[in-house]
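Throughout the sequence shown, residue numbering follows the numbering used here, covering 25 to 162 in sequence. Working notes, beginning with the structure itself.
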Amino acid sequence: MISKPTDTISFMKKLNEDLKINISCKHIANYIKIQPASEEQHIIITKYLDITTTPYHIITPQGLRPVKCVIRGLPINIDPELIKSALTEQKFTVLNVFQLRKRDQERSSMPLFQIQLESSPISENIWNIDSQNQSRKI
């Protein structure tokens, strides 16, 4: 989303001429919502806005977001690095592993671990794993 410029039509013409791709857009209040047709176009538009120093806010496309998974049934005191190394051995690209905590005043740990994997075809295989270190996956 881009803050609506003073001359919206000339801005959109310049954007289409410079990038040479068809872009659909919606006008929402004081913003222009640009809707690219593909992830490649999204990346091209983002780079162009960076180069022209146009202020913008992006919503990351579904295909570029990390895959998130929660593993339960592990001991509370297990090291997240152990989980990360076990998944790395299975050819997953692990971005982050952290233990979930209760929202009470003590903020005590729960036996739940959230894992963020880099978005790739291999990452989708996380749902086919039945057990990890003798535990079950949600």
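The C-beta atom is built at its ideal place from N, Cα and C for all residues, glycine as well.
Give the single residue among the options whose Cα lies nearest to the Cα of residue i.
i: I95; options: Q123, I146, R127; result: Q123
i: L119; options: E130, P104, S133; result: P104
i: L88; options: I100, Q65, I33; result: Q65
i: K126; options: A61, S144, A110, I100; result: I100
i: Q86; options: I153, S143, A53; result: S143
i: S62; options: T84, I56, E113, D128; result: T84
i: W151; options: V91, I52, P79; result: V91
i: V121; options: Q129, H81, A110; result: A110
i: I153; options: T76, Q114, I102; result: Q114
Within 10 angstroms of its Cβ, does residue i collect 16 or more other Cβ (buried), or is it exposed?
i: I26; result: buried
i: R160; result: Because the pLDDT at R160 is just 47, under 50, the model does not fix this residue reliably, and the value given afterwards should be weighed accordingly. Exposed, because fewer than 16 other Cβ atoms sit within 10 Å of the Cβ of R160.
i: P145; result: exposed
i: S133; result: exposed
i: S147; result: buried
i: I52; result: exposed
i: I33; result: exposed
i: I107; result: buried
Tell me the DSSP bridge mates of residue i?
i: S168; result: Because the chain here runs from 25 to 162, residue 168 falls outside it and cannot be looked at.
i: S27; result: Y55
i: L141; result: V91, V118
i: Y72; result: Note: Y72 sits in no beta bridge, so no partner.
i: K50; result: K57
Can you list, in chain order, the residues of its chain whose CB lies under 6 Å from that of residue i, leaving out five sequence neighbours each side?
i: F116; result: L141
i: L39; result: none
i: Y80; result: I26, L73
In chain order, what residues of the same chain have a beta carbon less than 7 Å from the beta carbon of residue i, not counting five sequence neighbours either side?
i: P60; result: I47, H66, I69
i: T112; result: V118
Given residue i, which residues of its chain have a CB within under 8 Å of its CB, disregarding the five upstream and five downstream residues?
i: C49; result: M36, I56, K57, I58, Q59
Stretch pair the stretch 61-77 + the stretch 32-49: three plus CB contacts closer than 8 Å: Yes, since at least three Cβ pairs between the stretch 61-77 and the stretch 32-49 fall closer than 8 Å, the two stretches touch.
The stretch 90-110 in contact with the stretch 136-155 per 3-pair CB rule at 8 Å: Judged by Cβ distances under 8 Å, the stretch 90-110 makes contact with the stretch 136-155, as three or more pairs qualify.
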